[in-house]
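Protein sequences appear in the order of chains A and B. Going from the first sequence to this note's numbering is simple: count from 1 and add 284. Going from the second sequence to this note's numbering is simple: count from 1 and add 603. Glycine included, C-beta positions come from ideal geometry on N, C-alpha and C. Values in this document were obtained by computation on a predicted structure and should not be read as measured data. Structure, as structure tokens:
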Amino acid sequence: MTDTLTVDGLTVHYATREGALQALRDVALDVPAGQIVGIVGESGCGKSTLINALLQLMPENARIAAGSVRLEGEELVGAAQRRLRDMRGRDISVVFQDPMTSLNPVLTIGRQMRDIQYREPCDRAEKLRRAAAMLGRVGLPDPQARLDAYPHELSGGQRQRVAIAMAVLMRPKLLIADEPTTALDATLEVQIIELLKELQREIGCAILFISHHLGVIAELCDRVVVMYAGEAVEEGPVADVFLHPSHPYTAKLIECDPGRMKTRAKLLPAIPGDLPDLTAPPEGCIFRDRCDKATDLCRTKPNPVAVNGTHWARCHYAAEYGA
Amino acid sequence: MTAPILTLRDVVVEFPALRGLKAMMAPRNARHVQALSGISLDVARGETLAIVGESGSGKTTLARAINGLLPLAGGEIWFNDMALHQRPDWHAIRRQMAMMFQDPVGSLSPRKTVRELVLEPFAIHGQDVGNPSQTAQRLLEDAGLNADFLNRYPHQLSGGQARRVGVARALALNPAMVLADEPTAGLDVSVQGEILNLLNGIKAEHGLTTIIITHNLNILRHIADRIAVMYLGRIVEIGPVTQIMEQPRHPYTAALMSANPEPDPTTRRARIILSGETPALTARPSGCEFHPRCPVARADCGSQIPELTKAGPRAVSCHYPISENT
Numbered sequence: 285m286t287d288t289l290t291v292d293g294l295t296v297h298y299a300t301r302e303g304a305l306q307a308l309r310d311v312a313l314d315v316p317a318g319q320i321v322g323i324v325g326e327s328g329c330g331k332s333t334l335i336n337a338l339l340q341l342m343p344e345n346a347r348i349a350a351g352s353v354r355l356e357g358e359e360l361v362g363a364a365q366r367r368l369r370d371m372r373g374r375d376i377s378v379v380f381q382d383p384m385t386s387l388n389p390v391l392t393i394g395r396q397m398r399d400i401q402y403r404e405p406c407d408r409a410e411k412l413r414r415a416a417a418m419l420g421r422v423g424l425p426d427p428q429a430r431l432d433a434y435p436h437e438l439s440g441g442q443r444q445r446v447a448i449a450m451a452v453l454m455r456p457k458l459l460i461a462d463e464p465t466t467a468l469d470a471t472l473e474v475q476i477i478e479l480l481k482e483l484q485r486e487i488g489c490a491i492l493f494i495s496h497h498l499g500v501i502a503e504l505c506d507r508v509v510v511m512y513a514g515e516a517v518e519e520g521p522v523a524d525v526f527l528h529p530s531h532p533y534t535a536k537l538i539e540c541d542p543g544r545m546k547t548r549a550k551l552l553p554a555i556p557g558d559l560p561d562l563t564a565p566p567e568g569c570i571f572r573d574r575c576d577k578a579t580d581l582c583r584t585k586p587n588p589v590a591v592n593g594t595h596w597a598r599c600h601y602a603a604e605y606g607a
Numbered sequence: 604m605t606a607p608i609l610t611l612r613d614v615v616v617e618f619p620a621l622r623g624l625k626a627m628m629a630p631r632n633a634r635h636v637q638a639l640s641g642i643s644l645d646v647a648r649g650e651t652l653a654i655v656g657e658s659g660s661g662k663t664t665l666a667r668a669i670n671g672l673l674p675l676a677g678g679e680i681w682f683n684d685m686a687l688h689q690r691p692d693w694h695a696i697r698r699q700m701a702m703m704f705q706d707p708v709g710s711l712s713p714r715k716t717v718r719e720l721v722l723e724p725f726a727i728h729g730q731d732v733g734n735p736s737q738t739a740q741r742l743l744e745d746a747g748l749n750a751d752f753l754n755r756y757p758h759q760l761s762g763g764q765a766r767r768v769g770v771a772r773a774l775a776l777n778p779a780m781v782l783a784d785e786p787t788a789g790l791d792v793s794v795q796g797e798i799l800n801l802l803n804g805i806k807a808e809h810g811l812t813t814i815i816i817t818h819n820l821n822i823l824r825h826i827a828d829r830i831a832v833m834y835l836g837r838i839v840e841i842g843p844v845t846q847i848m849e850q851p852r853h854p855y856t857a858a859l860m861s862a863n864p865e866p867d868p869t870t871r872r873a874r875i876i877l878s879g880e881t882p883a884l885t886a887r888p889s890g891c892e893f894h895p896r897c898p899v900a901r902a903d904c905g906s907q908i909p910e911l912t913k914a915g916p917r918a919v920s921c922h923y924p925i926s927e928n929t
């Protein structure tokens, strides 16, 4: 099977007054064609930096220090601006957390959906017809009339459906979904998850789904990558990772999810301590300071350890924990 | 049972729907929308009541009405035998009823240090601080922060630390009741547990009454004694936390509880997926307001308005509640 997206050794630094902030360090991940890969991690783990790097839309003080990002074999790091512009929106598209910020408030939905087809060699009526068909596909009632609506006339859930319709309109190879359900209520969240599953089956695109919600990842994704403080610490098939977490951070994270505990807990678990300072990341294992199983060996940098098939974790003791 | 600390009777809060000339021309009943339409509730001393519901269900409006930040259009609120609906002395009431606002960092003034922030309630209410440094330090310690934080500014705090400062501020004047609006919003899972442990600890220690407003269903059974489920400005179901979560009787509660994605990939629950979204307050459906989305609605649900009917410790407003044996 071919990989739609291949990220290899990606390292991103931000220039700050305190020195280079190493936001991503040696991140590697693959998104196979037609699969949904989840990225889970808490604030400060580098999720947003990763998305920016995938799209090659970095803030001015950011620098890709090493590594490569390839879409179906084509290198994106250092590619010509013109070529990247061609690919964004057509080969790679994104659904953001807050649909209100990704839609233009002063243009109608129809106008915006027509505009994103600017590369298509067909006339205006055909573009609008395609737009309406896609709006209907994502479950918006009365799509023809919605073309004349402005974003503020729609509810939150409808706006997110429009954002998804726009993202998949060009049938991208890779869809990046950045916490698309976080701003939505629980009953809408499940509707959007079902929709993404259906669209994925229909269009066959690969999806990179970013979330901090373990439940959503477990439900939607085939594989999951766990990130902590700028590193991918564990990766594997969803069921393997959730049932046999092999990195202590993953294990703690799953333990902390109160949804897992079906009876009232006297004391809820938490991970004590803070993220390390990324301008001077500690030697050795990045999670060492907060890990209650750390030993002297953890002062040396662990390499990814294969646990079972394609499931690996960046921990010296991964084989023991995963068992 | 002792007298409840807080009692609400048919509380109604309205917002103007139209402005200017349009409002003058419109019929009287179309000028306003009801954000809360007849909420009745008793909160016992020392209990933790969680109010759940989706955006627009009126959770925050309810908290604001209780705290006097919004005027009532009707109904009564009694707190510690004080009538909150009759122009009370809010200054005195807010000394006993503290509020914790949603955004942990945003609810702290960015130009004040932590020390100034936790001492602010004393200045506002003209209370004796004693030794300011000692008091500030004691409050921070109670909230699980050490004295190093006293001279920091809010932007130097993480979300969890800022939330702890919020807790310290809320508890500064030793209130009888705390209203917490989304205490875990914006916090990572790994710190959320610490904050909830802190709230639980404080509650046990001081016998504090707490009202928690949240849409995070996962935390409910660990902090709440009772839950009230809101939909379109009304309470549709209320009762003890495990009963409501495990045997919901209102179809909306059942759908809400089943919508919560599980972190365990091996469990696949039968999920009730609701069609559509919460209707706008300006276009409330007739009869039972949930009937257009309800998977088990029958013919008369569209015409008859159900009452919140009490049965033992719980109450539900539905013509055909889910019974325990089905």
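The alpha-carbon separation between Ala470(A) and Leu438(A) amounts to approximately 18 Å. For His436(A), no beta strand (DSSP E) run applies, since DSSP gives it neither H nor E. Taking 8 Å as the CB threshold, Glu326(A) lines the interface with chain B. Straight through space, the alpha carbons of Asp524(A) and Glu503(A) are spaced by roughly 13 Å.
Counting other Cβ atoms within 10 Å of its Cβ, Arg583(A) stays below 16 and is therefore classed as exposed. Taking the CA atoms as reference points, Ile538(A) sits about 16 Å from Phe571(A). At a cut-off of 8 Å, the C-beta of His531(A) has no neighbouring C-beta in chain B. Within the segment 303 to 390 of chain A, the beta strand (DSSP E) runs of at least 3 residues that lie entirely inside it are, in chain order, 303 to 316, 320 to 324, 346 to 355 and 376 to 379. In terms of beta-carbon proximity, Asp469(A) lines the interface with chain B, with at least one pair separated by less than 8 Å. Linking Ala603(A) to Tyr512(A) through their CA atoms gives a straight-line distance of about 19 Å. Taking the Cα positions, Arg837(B) is about 15 Å away from Ala676(B). Listed along chain A, the residues sitting closer than 7 Å to Glu880(B) by beta-carbon distance are Ser439, Gly441 and Leu472. In chain order, Arg612, Asp613, Val614 and Val615 place their CB closer than 6 Å to the CB of Gly678(B), counting only its own chain and leaving out the 5 sequence neighbours on each side. For the pair of segments examined, the segment 860 to 868 of chain B was found to touch the segment 459 to 474 of chain A: the number of CB pairs separated by less than 8 Å reaches three.
In this structure Asp784(B) is not in contact with Glu650(B), their Cβ atoms being roughly 18 Å apart against a cut-off of 8 Å.
Taking Ile805(B) as the centre and dropping the five residues before and after it, the same chain places the C-beta of Leu774 and Leu811 closer than 7 Å to its C-beta, in chain order. A Cβ-Cβ distance of about 38 Å is found for the pair Pro456(A) and Arg574(A), leaving them out of contact under the 8 Å criterion.
Apart from sequence neighbours up to five positions away, the residues of its chain that approach Val422(A) with a beta-carbon distance below 7 Å are Arg445, Ile448, Ala449 and Leu479, ordered along the chain. According to the DSSP assignment, Asn587(A) belongs to no alpha helix (DSSP H), since it is labelled neither H nor E. Note: Thr912(B) is bridge-paired with Val919(B) in the DSSP secondary-structure output. Within the segment 821 to 836 of chain B, Asn821, Ile822, Arg824 and His825 place their CB atoms closer than 8 Å to a CB of chain A, listed in sequence order.
Under the 8 Å criterion on CB atoms, Glu478(A) is classed as interfacial with respect to chain B. Ala629(B) and Thr885(B) have their alpha carbons spaced roughly 14 Å apart. Look at the beta carbons and you see the segment 811 to 823 of chain B not touching the segment 734 to 741 of chain B: under three pairs across the two are nearer than 8 Å.
Counted as a single uninterrupted DSSP element, the alpha helix (DSSP H) harbouring Tyr855(B) occupies residues Pro854 to Ser861.
Taking 8 Å as the Cβ-Cβ cut-off, the segment 854 to 875 of chain B approaches chain A at Ala858, Leu859, Ala862, Asn863, Pro864, Glu865, Pro866, Asp867, Pro868, Thr869 and Arg874, given in chain order.
Runs of the beta strand (DSSP E) lying entirely within the segment 490 to 535 of chain A, each at least 3 residues long, are 490 to 495, 507 to 512 and 515 to 521 in chain order.
With contacts defined by Cβ atoms closer than 8 Å, Val646(B) and Leu652(B) form a contacting pair. At a cut-off of 8 Å between C-beta atoms, Asp791(B) counts as an interface residue with respect to chain A. Chain A has no Cβ within less than 8 Å of the Cβ of Val768(B).
When rounded, the separation of the alpha-carbon atoms in His694(B) and Asn670(B) is 11 Å. For a Cβ distance threshold of 8 Å, residue set Pro866, Asp867 and Pro868 of chain B lies close to Phe526(A), ordered along the chain.
Non-local C-beta neighbours of Lys577(A) in its own chain, meaning closer than 6 Å and more than five positions away in sequence, comprise Pro532, ordered along the chain. Residues of chain B whose Cβ lies closer than 7 Å to the Cβ of Arg548(A) are, in chain order, Arg824 and His825.
Non-local C-beta neighbours of Met454(A) in its own chain, meaning closer than 6 Å and more than five positions away in sequence, comprise Arg374, ordered along the chain. Contact of Gln484(A) with chain B is not assigned, every C-beta pair being separated by 8 Å or more.
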